[in-house]
Amino acid sequence: MKINVSIIIPVYEAVNTLKKSLNSINNQNIDLEKKIEIILVIDDGKNYKNIIPKMNKNMIIKILKTNGLKTGPGNARNLGLLKARGEYIGFLDADDEWSENYLKKMYELVKKNELSFAPTRVYKNEELIGEFAGKNKKYLSINDIGDIPCSFHPFVKRNLINKFENYRSQDVYNTAILLNIKNKVEMITNEYYKLNLQKESVTKEKGFSIKIDQAYKKYQIKSLKMRNIKVSKIFALRRIKNKKYIDWAQKNQKSFYEYLSEEKNG
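Using the working numbering, the letters of the sequence shown correspond one by one to residues 19 to 284.
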């Protein structure tokens, strides 16, 4: 059976959120003749079968387990990629959601351009903190990744996707590599990726900013060695913005995304 889209979801400590994430796929307004493969990559050794909802026609659930515990989202995504059969690959985190026409619009655009992106809306307790998109809201460019240091989750033609690193923000690095090839990519409009801030979100971890800076430094150096100057530059810019957040956070007990939103609106 031909699979149109494989959706890869790394799952770690998601007992309270995974069902909601899967239901956001179930509720998509899309032609259900499309074959959708949803790959859950379990990275905490737990059994999630009892909380998986009944999926719509032609939506197939595949459950994989990593070769350890807490191996990281990069390793989980790589395992999902190895097993994916879809012509196009999409990504969703196990505590996030999609707006109802997200899949339809992302699929239409990735078929046209081989790569598509959507705005990221960040919510805390169902309250919108901010929406992040490219400087030109119709497109996302590599420069935007330096200016807007949040995550964007692509749909991408399978043969274009790169193996994920095992450092923090490996999804950002992969996005930068893709945009370095394409330069700028059309974004969908009026729909969005919904990023839900949780009490245990990684952005609230102790030492988060230091760990992020270490990852950014690795990507910056690696990109220089590979002569990907634009990619190296955006991680240098991200390191500067991260340092500004560290200074800001000393006076404000808020998350990184709340800082970005206040900076954007202020």
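All C-beta atoms in this analysis are idealised placements derived from N, C-alpha and C, irrespective of residue type, glycine included. As the structure is a computational prediction, the values presented were derived from the model and not from experiment.
For residue i, which three-state DSSP category applies?
| i | result |
| --- | --- |
| Glu-115 | strand |
| Thr-193 | helix |
| Asn-34 | coil |
| Ile-21 | coil |
| Gln-185 | For the record, residue 185 in the displayed sequence is Tyr; it is not Gln. In the structure shown, Tyr-185 sits in coil (DSSP, three-state: anything other than H, G, I, E or B). |
Please work out which residues of its chain come closer than 6 angstroms, Cβ to Cβ, to residue i, disregarding the five sequence neighbours upstream and downstream, and give them in chain order.
| i | result |
| --- | --- |
| Ile-21 | Lys-53, Glu-55, Arg-103, Gly-104 |
| Val-59 | Pro-28, Leu-82, Ala-94, Leu-97, Gly-98 |
| Tyr-30 | Asp-61, Asp-62 |
| Leu-121 | Gln-46, Ile-48 |
So residue i is in the beta strand (DSSP E); what residue range does that whole segment cover?
| i | result |
| --- | --- |
| Asn-214 | 211 to 215 |
| Phe-150 | 145 to 150 |
| Arg-139 | 138 to 142 |
| Lys-18 | The requested residue 18 does not occur in the structure, where the chain is confined to residues 19 to 284. |
| Tyr-106 | 106 to 109 |
| Ile-206 | First-last for Ile-206: undefined, no H or E at that position. |
Near residue i, which residues of its chain fall below 8 angstroms by C-beta distance, leaving aside the five closest residues on each side in sequence?
| i | result |
| --- | --- |
| Gln-268 | none |
| Lys-80 | Glu-55, Ile-56, Ile-57, Leu-58, Lys-101 |
Whose C-beta lies closer than 7 angstroms to the C-beta of residue i among residues of the same chain, with five residues either side of it excluded?
| i | result |
| --- | --- |
| Asp-113 | Ala-32, Thr-35, Ser-39, Asn-214, Gln-216 |
Please name the residue in the options whose C-alpha comes closest to that of residue i.
| i | options | result |
| --- | --- | --- |
| Leu-197 | Leu-133, Leu-242, Glu-209, Phe-226 | Leu-133 |
| Arg-257 | Lys-243, Thr-207, Ala-233 | Ala-233 |
| Ile-314 | Tyr-211, Tyr-277, Phe-226, Tyr-141 | Look at the range of the chain in this structure, 19 to 284, and you will see that residue 314 is not part of it. |
| Ala-254 | Ile-107, Ala-194, Glu-115, Pro-71 | Ala-194 |
Following the continuous alpha helix (DSSP H) through residue i, name the residue where it begins and the one where it ends.
| i | result |
| --- | --- |
| Tyr-234 | 226 to 243 |
| Glu-126 | 120 to 131 |
TODO: May I ask you to verify whether the stretch 86 to 102 touches the stretch 178 to 187, counting CB pairs closer than 8 angstroms and requiring at least 3?
DONE: yes
Open item on the list: Could you check whether the stretch 249 to 260 touches the stretch 154 to 167, counting it as contact only if at least three pairs of C-beta atoms, one from each stretch, sit closer than 8 angstroms?
Closed with: yes
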